[in-house]
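Residue numbers (the working numbering): 5 to 406.
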């Protein structure tokens, strides 16, 4: 696989910056646990490798289209992706999607390049050193474009599970510090524009700040990064725990979820709205924490360890065809109507858009699609969606009743 597949990781990795900035000692704690990876990470690595090859051809002109075709074919044949059950996936289930989304990524960078009056500087898979702010800090920038006084940093996020925004994104800002430090003697950089391209969530977000604002942020990071590097500071529980390798065994996390002290001296009969708001924040993450504990305990037991009060058992059995085609042919040959064997169902709007691609879907089917307002749902104040106007809602309800 390409260099993109072999990126080294720093102790204070930029991709984990949101975590070690919020919980400095977590960086050293995570070192005690192996980085086992995941099927999703492997798929993202492959997408980055494809994007790098396309960038070398279409942006850097370092390889021609024939060489690109050869290298993509080799990459496809030499890479095996697995599902969560450990079964090898058929390349035809993911390769066309990777090709389509990486094409869109390259097209987006080309739009940035063409926005300049003269050809800008372009770098792909650039190692960026920001150790002036973070001890031994480095990372790899997917694409850097510098034109005039503006530094562009474009990052490809191939995952679908979590929407990632460029706004106040510490990973992107660390990349920006490293890029500015690398190129400041060669280009009159005054402005930094950071973009996260997340095609499978149809998301492109950007943040633009001045170099002065970036350097001020870097000074804020410096003492926290030093703490994290030493393994010092206070543990802090929050959304950043989600991808921490120590999340199941972290004592601070357990104490946070199990603590009831804040409510012991309140009205013994009723919870206030303030208390409910605080408990909801904990409860929303409590299910995830319990799941992480179960996953850890099961893995420990299967590894021969003893977890008092628990054991591993076989889950619900499932039946599978050994050869579905042969089975159905046998049924038809014995008089079973073929119509009984198959279901014909229309694709949902989301499934059809995925199958056609957003552009073709919009052109051909857009006139037949309406967007219905979603059912009211509870969200934390940090959610980017606007709050429902409760006065209008109440008015609508009153009108409907009368």
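We put the CB at the ideal spot given by N, CA and C, even for glycine.
**Report entry** Beta-bridge partners of residue 127, as assigned by DSSP
**Finding:** 148
Query raised in the report: What do you reckon, are the CB atoms on residue 179 and residue 16 nearer than 8 Å?
Result: no
**Report entry** Terminal residues of the beta strand (DSSP E) in which residue 199 lies
**Finding:** 195–202
Query raised in the report: residue 285: buried (16+ other C-beta within 10 angstroms of its C-beta) or exposed?
Result: exposed
Report task. Have a look at 25, 66 and 31 and flag the residue whose alpha-carbon is nearest the alpha-carbon of residue 235. Result -> 31
Query raised in the report: If residue 152 sits next to residue 190, beta carbons under 8 Å apart, how far is it from one beta carbon to the other, in whole angstroms?
Result: Not a contact, Cβ separation roughly 13 Å.
Query - Residue nearest to residue 80 in terms of C-alpha spacing, selected from 61, 49, 20 and 87 - result: 49
Report task. State the start and end residues of the unbroken alpha helix (DSSP H) segment that holds residue 228. Result -> 215–234
**Report entry** Test item: CB-CB of residue 343 and residue 351 under 8 Å
**Finding:** no
Query raised in the report: Is residue 60 near residue 110, with beta carbons less than 8 Å apart?
Result: Against a cut-off of 8 Å, the Cβ pair of residue 110 and residue 60 comes out as no contact.
Requested in this report: Could you round the C-beta distance between residue 217 and residue 129 to whole angstroms and report it? I think they count as a contact, below 8 Å.
Outcome: That pair is no contact at about 27 Å.
Requested in this report: Please look up how many angstroms separate the CB atoms of residue 225 and residue 138, rounded, as I've assumed it's under 8 Å.
Outcome: 7 Å
Requested in this report: Determine the DSSP secondary structure at residue 9, reduced to helix, strand or coil.
Outcome: The predicted model places residue 9 with a pLDDT of 42, which falls under 50 and marks its position as unreliable; any figure quoted below should be read in that light. Residue state, collapsed to three classes: helix.
Query raised in the report: For residue 27 versus residue 244, is the C-beta spacing smaller than 8 Å?
Result: yes
Query - residue 24 - DSSP class collapsed to helix/strand/coil - result: Correct three-state label for residue 24: helix.
Query raised in the report: Rounded to a whole number of angstroms, what is the C-alpha to C-alpha distance between residue 187 and residue 195?
Result: For residue 187 and residue 195, the distance between alpha carbons rounds to 13 Å.
Query raised in the report: So residue 360 is in the beta strand (DSSP E); what residue range does that whole segment cover?
Result: It is not in any beta strand (DSSP E) - residue 360 instead sits in the alpha helix (DSSP H) that spans 353–360.
Requested in this report: Report the three-state DSSP secondary structure of residue 207 (helix, strand or coil).
Outcome: In the structure shown, residue 207 adopts extended strand secondary structure according to DSSP, grouped into three states.
Query raised in the report: In angstroms, rounded to a whole number, what distance separates the CA positions of residue 301 and residue 364?
Result: 47 Å
**Report entry** Distance, residue 165 Cα to residue 87 Cα
**Finding:** 15 Å
Query raised in the report: Helix, strand or coil: which one does DSSP assign to residue 415?
Result: This structure cannot settle anything about residue 415, because the visible part of the chain is limited to 5 through 406.
Query - Which of helix, strand or coil DSSP assigns to residue 90 - result: coil
Report task. Look at the alpha carbon of residue 283 and the alpha carbon of residue 33, and state the distance between them as a whole number of angstroms. Result -> 27 Å
**Report entry** Own chain, CB closer than 7 Å to residue 304, minus 5 neighbours either side, in chain order
**Finding:** 311
Query raised in the report: Going straight from the alpha carbon of residue 93 to that of residue 76, what length do you get?
Result: 18 Å
Query - Own chain partners of residue 388 with C-beta closer than 8 Å, once the 5 adjacent residues on each side are dropped - result: 169
Query raised in the report: In terms of residue numbering, what span does the beta strand (DSSP E) encompassing residue 327 cover?
Result: Unbroken run through residue 327: none, as it is neither H nor E.
**Report entry** DSSP state of residue 283 mapped onto helix, strand, coil
**Finding:** Residue 283 falls in the helix class under three-state DSSP.
Query - Enclosing alpha helix (DSSP H) for residue 79 [first to last residue] - result: 69–82
**Report entry** Residue of 280, 370, 156 and 250 minimising C-alpha distance to residue 356
**Finding:** 370
Requested in this report: Determine which residues share a DSSP beta bridge with residue 336 and list them.
Outcome: Residue 336 pairs with nothing; no bridge assigned.
Query raised in the report: In this structure, does DSSP put residue 387 in helix, strand or coil?
Result: coil
Requested in this report: Measure the CB-CB distance between residue 237 and residue 29 and report whether it falls below 8 Å.
Outcome: yes
Query raised in the report: In its own chain, which residues sit with a C-beta less than 8 Å from the C-beta of residue 386, not counting the 5 before and 5 after it?
Result: Same-chain partners within the cutoff: there are none.
Report task. Would you mind sorting residue 102 into buried or exposed? The rule is 16 or more other CB atoms within 10 Å of its CB. Result -> buried
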